[in-house]
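J.:
In the UniProt record's numbering, the protein residues as written are 1 to 54.
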């Protein structure tokens, strides 16, 4: 039950951080950096999921 939540939070946090970092460059830059941040969040979330003991 905790594994999908960890993944959801890590993707959301990565996308949010990407959007914040790219917002100064305009809408398209913010969108692309949010996609990149979500991808990094997915990668980190999967690493965290592997280390959880459920």
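Each residue gets a CB set at the ideal place from its N, CA and C atoms; glycine is no exception.
Remember, predicted model here, so these are calculated numbers, not experimental data.
1. Residue 29 to residue 41, Cα distance in whole Å?
2. On the criterion of 16 or more Cβ atoms from any shown chain inside 10 Å, does residue 90 qualify as buried, or is it exposed?
3. For residue 49, which residues of its own chain have a beta-carbon under 7 Å away from its beta-carbon, when the five flanking residues on both sides are left out?
4. In terms of residue numbering, what span does the alpha helix (DSSP H) encompassing residue 30 cover?
5. Look at the Cβ atom of residue 22, then the Cβ atom of residue 34, and state whether they are nearer than 8 Å.
T.: Reading off the structure:
1. As a first step, residue 29 is located in the chain shown; it is residue number 29 there, counting from the start. As a first step, residue 41 is located in the chain shown; it is residue number 41 there, counting from the start. Rounded to whole angstroms, residue 29 to residue 41 spans 18 Å at the Cα level.
2. This structure cannot speak to residue 90, because the chain is shown only from 1 to 54.
3. Stepping through the chain shown from its first residue, residue 49 is reached at position 49. Closer than 7 Å at Cβ, skipping near neighbours: 3, 6, 7.
4. Here residue 30 corresponds to residue number 30 of the chain shown, with the count starting at 1. The continuous alpha helix (DSSP H) containing residue 30 extends over residues 27–51.
5. Locating residue 22 in the chain shown gives position 22, where the first residue counts as 1. Locating residue 34 in the chain shown gives position 34, where the first residue counts as 1. A distance below 8 Å separates the beta carbons of residue 22 and residue 34.
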